[in-house]
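Take a look at the structure below.
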Amino acid sequence: MTDQSFFRSQADLLPERSPPPATTGVLGWVRGNLFSSWLNSILTLIGLYLLWIIIPPALDWAFFSADIAGDDRFACTSEGACWAWLDQRYNQFLYGFYPADQRWRVNIALLLLIPALIPLLFDKVPGAKIGRWFSLAYPFVATILLVGGFGFESVPTNKFGGFMLNITVGLAGIILSLPIGIVLALGRRSNMPVVRILSVAFIEIFRGVPLITLLFTAAILLPIFMPPNVSFDLVVRVIVVVTAFSSAYMAEVIRGGLQAIPRGQYEAAQALGLGYWRMMALIILPQALKISIPGIVNTFIGLFKDTTLVIVIGLFDILNIGKSMVSNPDWLGLSAEAYVFVALFFFVVCFSMSRYSSLLEKRLDTENR
Amino acid sequence: MKIAWTFLGAIVIALFSFTAHAGTLDDVKSAGVLKCGINTGLPGFAYTDDAGNWIGFDAAYCRAVAAAVLGDPDKVEYHNLTGQQRFPALASGEIDVLSRNTTWTFSRDVDLGFTFIGVSYYDGQGFIGRKSLGIKSATELDGASVCIQTGTTTELNLADFFRVNGMTYEPVPIETNEEARIAYLAERCDVYTTDASGLAATKTTFEDGDAHMVFPEIISKEPLGPLVRHGDDQWADIARWVLNALINAEELGVTQGNVSSLAGGSDNPEINRMLGSEGSLGEMLGLSKTWAVAAIKAGGNYGEIFERYLGTGTALGLERGVNALYTNGGLIYAPPMR
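Protein chains in written order, with my numbering: chain X, 1 to 369; chain B, 1001 to 1338.
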């Protein structure tokens, strides 16, 4: 007897074999993820059944048996959706009641938004430094383009509507609410009682009241208390209210980020001899804002969707344009089509914001968790 | 605290009275534009055409007033107002006249401090139901489920109607007209009730319109008309007589087409007085001699406006019914121009 039998030689090992076909490839994935147990199998089948009864009729309604041409709803004879209004009405969905001969100004303002945004959103583009100066100037350029002045014919803001009203209110709210939110968040954590109390009061008042109530106040109560002939522009009132409302939320999101910064960071900054503002700007806020990105974007998306609430004060954003179309006797009863169109528009915009935020998170990730 | 409230109240009252005593006519003339409150979208009454202009039965009245006062029917600034917004907007002076399918009621006229200047459309609450229900009258609706918009006078009218007739019903509360239409088609309720004009508009959207019927019973009075603020009688007179001129024009056969030629003078002294070739009605109102010519030219007489936006030639297809002239058995009647 030798020790040889105790040790297995290399030759005794079974040859390598490929894994069983049922655990690899598509089949393996299906088995592992969809039919791994009785419960999962049943849930999968129910899910498939639901998809089967929902998706084909939805596609059929929206595309296969839809009407796409015609002058009014009577031209839509098939069973499916009636998209004939798109051709007649897309201008209203885009520009609201903006004068037809001035619409090129809206187009230019929208086009200029791209060079204004790119240097802010992506830092690896050539000329980003100079581009950011343009980004700073953009709100003023866009305001002049849209409202008028400096040689442009003036367009009253009650002509604003559709997609452009949502973008105007949403963008103005987003641009203004972030800095105001930062100031409020810092104010709430300040040691100075007056600053702290004012910040807390602002945040709690605007966060504690529904946005619809604030819009009603701005639209209905304000004119009653103002002397006659003194009237603030309604769109400006809406922007102020929306900004104040989302600033309050923004402040709390950023405060959450500030609280996640360990005290050592403050102490290290102070040990370096940095004053309050430099400490905040160079050490604390860059870290706090990075942590808060999901919350900030969440607030942005919420703000953008809330722009449809202007419907309650009689402004014609894209949703209300859809509703007003349905009140034309020629297009009566097409609300499903209008709502689907508007929902699609909001999904595209909000999904882009969400994608960008996850890109930003990846780029700023320093793996210091 | 009490002093502060009193003070605040005094300011509010002062503002209100200041608004009320300023001459609306002068304000409109100096602004060069008539601020007119209309609906945010109601089939036939206020809606947008494909080019984005506000048109409709209510908007046509705004155009007539602007034409009479400013000489140009396009000088209207439409303010689209929701049901809650309309009265504060008028009270605060944000608009000069409200032409937004508003029912003339005692409390609105007296308590809210407005002046209704007439009735431009007699509406009333009715029911629509499937013919397959096998009933011919709303008085046979005992036990039916009824789709009803909440928070409106229609809800109260419905309760009154069923109580008076000793019947029971099951309300299916609904927020908007569009929701009600969908709920009714999905058979969530046996009948749907709202103003008769709204029922007719809804019915035109049904694929099988013949399977449904509007019951003959009209269970409420909804006289719709334009209104202005209390306290400026000259302005109220202008608003009232523009409407009356449109109605009288239909009775006298003055149309958008022939008003220009009739303005030079005709055999009928009443036409001449209205169109300004005789007498001085325009001056009495503080307007030009040709105020009524401009108003009629803007969109035609009452009947023409009705036919263009609501009548049987439109997608709504409303009959004149009680909104015919009194000479044709309807209720539309205007005092004489003399």
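Cβ atoms here follow ideal geometry from the backbone N, Cα and C, with glycine treated the same way. A quick note: this is a predicted structure, and the numbers were derived from the prediction, not measured.
Annotation for Gln1149 (chain B): the continuous beta strand (DSSP E) segment containing it runs 1144-1149.
Under the Cβ criterion of 9 Å, His1212 (chain B) is not counted among the residues facing chain X.
Inclusion of Pro1088 (chain B) and Ile224 (chain X) in the CB contact set at 9 Å is warranted, their separation being smaller than that value. The contact set of Thr1314 (chain B) on chain X, defined by CB atoms closer than 8 Å, consists of Pro329 in chain order. About 6 Å separates the CB atoms of Thr1193 (chain B) and Gln1125 (chain B); that is less than 8 Å, so the two are in contact. Taking C-beta atoms under 8 Å as the contact rule, Ala1236 (chain B) and Val1228 (chain B) qualify, at a distance of about 5 Å. About 4 Å separates the beta carbon of Asn1301 (chain B) from that of Ala1249 (chain B), a gap short enough to meet the 8 Å contact definition.
Judged by beta-carbon spacing, Ala1200 (chain B) lies within the 9 Å limit of Val1214 (chain B), meaning their Cβ atoms are closer than that value. In this chain, Lys1131 (chain B) is not harboured by any alpha helix (DSSP H), its DSSP state being neither H nor E.
Of the candidates X:Asn166, X:Ser357, X:Val200, X:Asn166 places its Cα closest to the Cα of Thr308 (chain X). For Ala1201 (chain B), the residues of chain X that pass the 8 Å Cβ criterion are Pro329, Leu332, in the order they occur in the chain. By the Cβ criterion, the stretch 1162-1181 of chain B is in contact with the stretch 1143-1153 of chain B, since at least three pairs of Cβ atoms, one from each stretch, lie closer than 8 Å. Under the DSSP assignment, Gly1052 (chain B) falls outside any alpha helix (DSSP H); it carries neither an H nor an E label. CA-CA distance, Leu1310 (chain B) to Pro115 (chain X), rounds to 49 Å. For Arg1229 (chain B), not one C-beta of chain X is nearer than 9 Å to its own C-beta. Between Ile224 (chain X) and chain B, the shortest Cβ-Cβ separation is below 9 Å.
Gly25 (chain X) counts as exposed, since fewer than 16 other C-beta atoms from the protein chains shown sit within 10 angstroms of its C-beta.
Taking the Cα positions, Thr1040 (chain B) is about 17 Å away from Asp1096 (chain B). Sixteen is the threshold: since fewer than 16 other Cβ atoms of the shown chains lie within 10 Å of the Cβ of Asn40 (chain X), the residue is exposed.
Distance from Val242 (chain X) to Asp306 (chain X) at the Cβ level is roughly 7 Å; contact confirmed, criterion being Cβ atoms closer than 8 Å.
Counting C-beta pairs with one atom in each stretch, the stretch 319-333 of chain X and the stretch 169-179 of chain X have fewer than three that are closer than 8 Å, which means they do not touch. Taken through DSSP and simplified to helix, strand or coil, Pro1223 (chain B) comes out as strand.
In terms of beta-carbon proximity, Ala219 (chain X) lines the interface with chain B, with at least one pair separated by less than 9 Å. Counting C-beta pairs with one atom in each stretch, the stretch 1049-1059 of chain B and the stretch 1204-1222 of chain B have fewer than three that are closer than 8 Å, which means they do not touch.
Within chain X, the residues whose beta carbon sits less than 7 Å from that of Ser1092 (chain B) are Pro223, Ile224, listed in sequence order. Judged by beta-carbon spacing, Gly181 (chain X) lies beyond the 9 Å limit of Val240 (chain X), meaning their Cβ atoms are not closer than that value.
The C-beta separation of Ile291 (chain X) from Ala260 (chain X) comes to about 5 Å, placing the pair in contact by the 8 Å criterion.
Residue pairing by DSSP places Tyr1184 (chain B) in no beta bridge whatsoever.
Neighbours of Gly148 (chain X) in chain B, taken as residues at a C-beta separation under 8 Å, are lacking, since the least C-beta distance is about 16 Å.
Taking a 10 Å sphere around the C-beta of Ile130 (chain X), we find fewer than 16 other C-beta atoms and assign the residue as exposed.
Under the 9 Å criterion on CB atoms, Phe97 (chain X) is classed as interfacial with respect to chain B. The beta carbon of Ile1182 (chain B) sits closer than 9 Å to some beta carbon of chain X. A contact between stretches requires three or more CB pairs, one per stretch, nearer than 8 Å, and the stretch 145-163 of chain X meets this requirement with the stretch 93-113 of chain X. Residue environment analysis places Thr299 (chain X) among the buried positions, since at least 16 neighbouring C-beta atoms fall within 10 angstroms of its C-beta. Contact annotation: in the stretch 309-322 of chain X, residues whose CB is within less than 9 Å of a CB in chain B are Ile311, Val312, Ile313, Gly314, Leu315, Phe316, Asn320, Ile321. Residue-level contact check: Met325 (chain X) touches chain B, since one or more beta carbons of chain B fall below 9 Å from its beta carbon.
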